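Engineer: Below is a structure I'd like to ask you about.
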Amino acid sequence: MAECFDEMWGDAGGLRAPYRGFHDWFAEEDPKRLRAKQREAEEIFRLTGITFNVYGRAEAEERLIPFDIVPRIMSGTEWHRLSRGIEQRVRAINAFLHDIYHNQEIVKAGRIPQEMITRNDAFLPHMIGVAPPGGVYTHIVGIDLVCTGEGEFYVLEDNARTPSGVSYMLENRETMLQMFPELFSRNRVQPVQNYPANLRRSLAACAPPAAGVDPVVAVLTPGIFNSAYFEHAFLADQMGVELVEGHDLRVVDGRVAMRTTCGYKAIDVLYRRVDDEFLDPLNFNPESQLGVPGIMDVYRTGGITIANAPGTGIADDKAIYSYMPEIVEFYTGERPLLQNVPTWRCSDPDSLAYVLDNLADLVVKEVHGSGGYGMLVGPTASKKDIAAFRRKLKARPGNYIAQPTLSLSTVPIFSRMGLTPRHVDLRPYVLVSPEGIRITPGGADAGGAEEGIARGQLLSGGRHQGHMGAGGLGRCWARPRMEFSGCIACWSGPRTPRA
Amino acid sequence: MYRLLERAENTARLIETGQRIALTRLNEPDAEWRPVLQSASVLDAYLAANETVTKDAAVDWLLRSHENPSSVLCCIEQARQNARMVRTALTGDVWEAINAAYMHARETLARKVGERDLPNVLRALRQQAALVRGMTHGTMMRNEIYDFARLGTFIERADNTARILDVKYYVLLPSTLAVGSSIDNVQWESILRSLSAKGGFRMEYGSKLAPREITHFLVLDKRMPRSLAFCTSKIRDNLSYLNRGNREPGPSLRLVSQIEQQYLSHDLDQIFEFGLHEMITELLGAFSGLARQIELDYRFYE
Amino acid sequence: MRLTIHHVTSYRFAEPVRFGLQQVRKTPKTTPHQTVVSWRTAITGGKKELSFEDHHNNTTELISLDRDTQILDVLSEGEIEVSDTHGIVGPHRGPAPLWLYSRATPRTEAREQVRALARRLAPGNDLDRLHALCGLIREAVAYETGASEPTWSAEDALSDGRGVCQDHAHIFIACARHLDLPARYVSGYLMMDDTTDQTAMHAWAEAYLDGIGWVGFDVSNGISPDARYVRVATGLDYSDASPITGMRIGGLSETLGVQIKVVQQ
Numbered sequence: 001m002a003e004c005f006d007e008m009w010g011d012a013g014g015l016r017a018p019y020r021g022f023h024d025w026f027a028e029e030d031p032k033r034l035r036a037k038q039r040e041a042e043e044i045f046r047l048t049g050i051t052f053n054v055y056g057r058a059e060a061e062e063r064l065i066p067f068d069i070v071p072r073i074m075s076g077t078e079w080h081r082l083s084r085g086i087e088q089r090v091r092a093i094n095a096f097l098h099d100i101y102h103n104q105e106i107v108k109a110g111r112i113p114q115e116m117i118t119r120n121d122a123f124l125p126h127m128i129g130v131a132p133p134g135g136v137y138t139h140i141v142g143i144d145l146v147c148t149g150e151g152e153f154y155v156l157e158d159n160a161r162t163p164s165g166v167s168y169m170l171e172n173r174e175t176m177l178q179m180f181p182e183l184f185s186r187n188r189v190q191p192v193q194n195y196p197a198n199l200r201r202s203l204a205a206c207a208p209p210a211a212g213v214d215p216v217v218a219v220l221t222p223g224i225f226n227s228a229y230f231e232h233a234f235l236a237d238q239m240g241v242e243l244v245e246g247h248d249l250r251v252v253d254g255r256v257a258m259r260t261t262c263g264y265k266a267i268d269v270l271y272r273r274v275d276d277e278f279l280d281p282l283n284f285n286p287e288s289q290l291g292v293p294g295i296m297d298v299y300r301t302g303g304i305t306i307a308n309a310p311g312t313g314i315a316d317d318k319a320i321y322s323y324m325p326e327i328v329e330f331y332t333g334e335r336p337l338l339q340n341v342p343t344w345r346c347s348d349p350d351s352l353a354y355v356l357d358n359l360a361d362l363v364v365k366e367v368h369g370s371g372g373y374g375m376l377v378g379p380t381a382s383k384k385d386i387a388a389f390r391r392k393l394k395a396r397p398g399n400y401i402a403q404p405t406l407s408l409s410t411v412p413i414f415s416r417m418g419l420t421p422r423h424v425d426l427r428p429y430v431l432v433s434p435e436g437i438r439i440t441p442g443g444a445d446a447g448g449a450e451e452g453i454a455r456g457q458l459l460s461g462g463r464h465q466g467h468m469g470a471g472g473l474g475r476c477w478a479r480p481r482m483e484f485s486g487c488i489a490c491w492s493g494p495r496t497p498r499a
Numbered sequence: 001m002y003r004l005l006e007r008a009e010n011t012a013r014l015i016e017t018g019q020r021i022a023l024t025r026l027n028e029p030d031a032e033w034r035p036v037l038q039s040a041s042v043l044d045a046y047l048a049a050n051e052t053v054t055k056d057a058a059v060d061w062l063l064r065s066h067e068n069p070s071s072v073l074c075c076i077e078q079a080r081q082n083a084r085m086v087r088t089a090l091t092g093d094v095w096e097a098i099n100a101a102y103m104h105a106r107e108t109l110a111r112k113v114g115e116r117d118l119p120n121v122l123r124a125l126r127q128q129a130a131l132v133r134g135m136t137h138g139t140m141m142r143n144e145i146y147d148f149a150r151l152g153t154f155i156e157r158a159d160n161t162a163r164i165l166d167v168k169y170y171v172l173l174p175s176t177l178a179v180g181s182s183i184d185n186v187q188w189e190s191i192l193r194s195l196s197a198k199g200g201f202r203m204e205y206g207s208k209l210a211p212r213e214i215t216h217f218l219v220l221d222k223r224m225p226r227s228l229a230f231c232t233s234k235i236r237d238n239l240s241y242l243n244r245g246n247r248e249p250g251p252s253l254r255l256v257s258q259i260e261q262q263y264l265s266h267d268l269d270q271i272f273e274f275g276l277h278e279m280i281t282e283l284l285g286a287f288s289g290l291a292r293q294i295e296l297d298y299r300f301y302e
Numbered sequence: 001m002r003l004t005i006h007h008v009t010s011y012r013f014a015e016p017v018r019f020g021l022q023q024v025r026k027t028p029k030t031t032p033h034q035t036v037v038s039w040r041t042a043i044t045g046g047k048k049e050l051s052f053e054d055h056h057n058n059t060t061e062l063i064s065l066d067r068d069t070q071i072l073d074v075l076s077e078g079e080i081e082v083s084d085t086h087g088i089v090g091p092h093r094g095p096a097p098l099w100l101y102s103r104a105t106p107r108t109e110a111r112e113q114v115r116a117l118a119r120r121l122a123p124g125n126d127l128d129r130l131h132a133l134c135g136l137i138r139e140a141v142a143y144e145t146g147a148s149e150p151t152w153s154a155e156d157a158l159s160d161g162r163g164v165c166q167d168h169a170h171i172f173i174a175c176a177r178h179l180d181l182p183a184r185y186v187s188g189y190l191m192m193d194d195t196t197d198q199t200a201m202h203a204w205a206e207a208y209l210d211g212i213g214w215v216g217f218d219v220s221n222g223i224s225p226d227a228r229y230v231r232v233a234t235g236l237d238y239s240d241a242s243p244i245t246g247m248r249i250g251g252l253s254e255t256l257g258v259q260i261k262v263v264q265q
């Protein structure tokens, strides 16, 4: 632990400037009061239903997001530098996605090997030649960053598909504000509460040609059993837009329309939290009950904006990730401002040999995996796990990449012993529209339990902290949810499923 | 969700009444629970799962059994599930109230509730439901959502009142022989209690219980918030708000006017002449037909 | 050669359909060698929602079924002018990149039997080997109407030893891709010499050869497509090019009738 960079105390053990205000405040506080406040916060979370669902557990199916009262604090300068890097990276990702679904200049220029695209399962042929409205592919990006030293940040994952967690950041900030107003009056903190309004504005700015003056936006959720359902409902609520499920929607008059008590109403922009595969049973997985048959066809005729665009998963691919410095340079003509974690592509025989020799020290990930599924963390894995992974690696080397374990920075958390350091990563949320790129000054973060491990998963027991809070979320609840009126009145329980 | 919540509250009230009657009667206390189960329309299902009617089993069935979809616990769980589905339609206050009701019910009904704790548990359940209703009243916009919330509430309440009358109608008939006997007094009181109508009745008619007045109070009195006439008029009001902007009344609105005209615009003598039992039976059918029509008109399950 | 085509697909549902959609790919392509003089789609029991050109340049129409309908008739008809190019389709046209046609699909995966078939090919230039391949496929899988299932893969057909044009095309494509040649599936109309009435569209395959471009191979008939062949839809396999893909809610069972007339003017 001692070798890691601590964001409060720095390398040398002197209090770093951004934490000065917090430190003074904390020193005056009675730990007993803080502990009581922490319990109070958890009670608030439970009551407001800020939970995530755990699959396959009937008993404790909804769980609380772990919460810590210590904010992670960054200076304005530090944040500004990060923002520039994030913006550059997000621009490059969008340009890359446009290119590979059109002329594939980057392949022709020899900057990335053709097999990276041709052999990539995340490449979605249905997107070939399709121009998404406003030219935007990744409307919402949640880049995962880790810090290893003063000003040293690395991008861990780009999360260009459907990053989750933003609602926890917002509710956390809200709770902090209610409980520790004095902390906010001491620190001048950039507000995050505009996120839902910005999200809505950003989505509306990407409306398709078919939309009217005031575009209709909706959030598509897989339903109340999805792990992030709370977030889907939260965002729809805060944006003041409809929350819909696949069976509320159908193709009507060449548009995707939602069922309301007075007929069907066309949707212009759909913020979907359903994966590509399940998005359209007519075009993709026919077994899907979560999607909207024909939505891809409407999309291809410019009748709807799907955010994020289908097929963006290829930018999340871990093998593509390893080319991100080349990608940034190719499309922006600039040197990348954010560093990549060094990555070995196991498809390359030399790299594979190295990885196999050093499995116990490396983190190995599946190229299409996300959020910690299907990965091996060498330093903490058992011999048996390593042996099993070795077999998997040898069988399909192209399916894996490996990275060194980084010595992640720590941030204090409030525990029984007072402030104790814990490793964290950071996920700022980025909104992309033709109007520009907007980065939320704050983020969700997750602490890995083990030292030096790349990342714990936000949704499975990682710690969740607020950043630099200020300003409250004005509660502007609810627009009419006409299509759910049956549920409000409720004759006989949940809506009938699809026949 | 509002219909389920109303049902949870009504069932809690039925249990309270049953408990009270059982405690104040001299004969076999278990026998009193059969009509209670009947009033809640769960007797058949109960008998399919249990051989005899005992107080403990009946209370458990009504209160927390997962085999009984109309048990208080099931209703609250489902209401909260529905509330999650329509989370964006509710205010934060309403959501927190229903979530708190759910958390509380899960905790207090996790185990069998002993006789000693029963009154407190039931009171708390009714108060939690009232809190949701209060938050709804105090924080929700008066738009379609609110109208649907009210429709669910009053459809369920009308149905509940009608069912209680259906089970006990015979003690209200003028021809009943045992008029004035203490048995009837208890029966009448139990009807009033299970509809939280005792205080209102006393205010209106003094302390003397008489079947004619009780019937009038529960069926036709438009000031009594659980009477059939009151519930029906609320349903009509909310349907007409939903119908605003249409030149013609929709099918469900026409249906509710028809119900009012056919059953609730007569005086008591005419009702007795037609037959109280017959009327209640027909009304129960009419309410469920109305619920179906509302589903159709507003595309609940399309 | 000018051909008149008349194609009706008729569905009869046992019960009213609550909701349904069909993706229809029946409109012939416009290419340097094929001109669509006129074409129309008429629908009974449904309506056209939209149409677009997909990534294989197939004209795709999305049709919704009328609520509570028990019938759906899709009539497609028109006139097409085709010139004979001895099977040569020519250079690759986007938007799909050529390499896409080297991707195996579940139906065209080269497993044991496909690879064994490819091994039997004598060395030589690609064009000759592909012609030889057609012969090998016909020997291995006898053409028999109704013998196969639409869901069969190339490997399934080889196991069974019987199949229809769709199966022949899939085996050809699987082998060609296995030999590192881009290949694709083609569905289309064929004017037959002995009859004008048909009950199904025809299918064949195309492979891409350096210096020549795309070349067609009708495995089932053992010839290269000529002016009697009208190219309609192409794709990686049947699923990309099938005339109708649909989903519906309600309707219970369905019966399907197909009537096709192809006549030379």
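Residue numbers (UniProt numbering), protein chains in the order written: chain Z, 1 to 499; chain Y, 1 to 302; chain F, 1 to 265. We put the CB at the ideal spot given by N, CA and C, even for glycine. For clarity, every value in this text was computed on a predicted model and none was experimentally measured.
Which two residues bound the contiguous alpha helix (DSSP H) that contains F:L136?
Structural biologist: 126 to 140
Engineer: So if DSSP puts F:M247 in a beta bridge, which residue, or which two residues, is it bridged to?
Structural biologist: F:L21
Engineer: How about Y:E32 and Y:A22: are their beta carbons less than 7 Å apart?
Structural biologist: yes
Engineer: Would you say Z:T261 lies against chain Y (beta-carbon separation less than 7 Å)?
Structural biologist: Z:T261 counts as touching chain Y.
Engineer: Which residue comes first and which comes last in the alpha helix (DSSP H) that contains F:S187?
Structural biologist: Counting along the chain, F:S187 falls outside any alpha helix (DSSP H), though it belongs to the beta strand (DSSP E) covering 183 to 190.
Engineer: Within 7 Å (strictly less), CB to CB, does residue 269 of chain F reach chain Z?
Structural biologist: Look at the range of chain F in this structure, 1 to 265, and you will see that residue 269 of chain F is not part of it.
Engineer: Are the beta-carbon atoms belonging to F:S159 and F:V232 less than 7 Å from one another?
Structural biologist: no
Engineer: Indicate whether Y:A58 and Y:I76 have their beta-carbon atoms separated by less than 7 Å.
Structural biologist: no
Engineer: Which residues mark the beginning and the end of the alpha helix (DSSP H) in which Z:M74 is found?
Structural biologist: Per DSSP, Z:M74 belongs to no alpha helix (DSSP H) and is neither H nor E.
Engineer: Please say whether Y:E156 and Y:E273 have beta carbons closer to each other than 7 Å?
Structural biologist: No, these two residues do not count as a Cβ contact at 7 Å.
Engineer: The alpha helix (DSSP H) spanning F:C165 covers which residue range?
Structural biologist: Its alpha helix (DSSP H) spans residues 165 to 178.
Engineer: Distance, Cα to Cα, Y:S70 vs Y:Y102?
Structural biologist: Answer to the nearest angstrom: the Cα atoms are 15 Å apart.
Engineer: Bridge partners of F:W39, per DSSP?
Structural biologist: Looking at the DSSP output, F:W39 bridges to F:G78.
Engineer: How many angstroms separate the CA atom of Y:I235 from the CA atom of Y:L296?
Structural biologist: 16 Å
Engineer: By how many angstroms is the C-alpha of Y:S257 removed from the C-alpha of Z:E42?
Structural biologist: 50 Å
Engineer: Since Z:L47 meets chain Y, which of its residues come closer than 8 Å, beta carbon to beta carbon?
Structural biologist: E96, N99, A100, M103
Engineer: Who are Z:P404's beta bridge partners in DSSP?
Structural biologist: Z:L362
Engineer: Taking the alpha-carbon positions, what's the Z:R272 to Z:V217 distance?
Structural biologist: 10 Å
Engineer: In this structure, how does DSSP classify Z:A17 when only helix, strand and coil are distinguished?
Structural biologist: Z:A17: helix per DSSP, three-state reduction.
Engineer: Which residues in chain Y have a C-beta closer than 7 Å to the C-beta of Z:D237? List them in chain order.
Structural biologist: The CB of Z:D237 comes closer than 7 Å to the CB of R87, T88 in chain Y, given here in chain order.
Engineer: Against chain Z, does F:L21 count as a neighbour if the rule is that its beta carbon must be under 7 Å from one of theirs?
Structural biologist: yes
Engineer: Quick check: is the beta carbon of F:M192 nearer than 7 Å to any beta carbon in chain Z?
Structural biologist: It does not; no Cβ of chain Z falls within 7 Å.
Engineer: Does the segment 8 to 23 of chain F come close enough to the segment 78 to 92 of chain Z to have 3 or more Cβ pairs within less than 8 Å?
Structural biologist: The answer is no - the segment 78 to 92 of chain Z does not touch the segment 8 to 23 of chain F, with fewer than three Cβ pairs under 8 Å.
Engineer: Are the C-beta of Y:A12 and some C-beta of chain Z separated by less than 7 Å?
Structural biologist: Taking Cβ atoms only, chain Z never reaches closer than 7 Å to Y:A12, which makes this a no.
Engineer: Can you check DSSP and say which residues form a bridge with F:D218?
Structural biologist: DSSP lists F:I223 as partners of F:D218.
Engineer: Can you tell me which of the three DSSP states Z:L290 falls into?
Structural biologist: coil
Engineer: In the segment 291 to 324 of chain Z, which residues sit with their C-beta less than 8 Å from some C-beta in chain F, listed in chain order?
Structural biologist: P293, G294, D297, V298, R300, T301, G303
Engineer: Mind listing which residues of the segment 178 to 208 of chain Z have their C-beta closer than 9 Å to chain Y's C-betas, in chain order?
Structural biologist: none
Engineer: In this structure, what does DSSP give as the bridge partners for Z:A218?
Structural biologist: Z:E242, Z:L270
Engineer: Cβ atoms of Z:S433 and Z:A205: under 7 Å apart, would you say?
Structural biologist: Contact: yes.
Engineer: Please state the DSSP three-state secondary structure of Z:F52.
Structural biologist: Z:F52 falls in the strand class under three-state DSSP.
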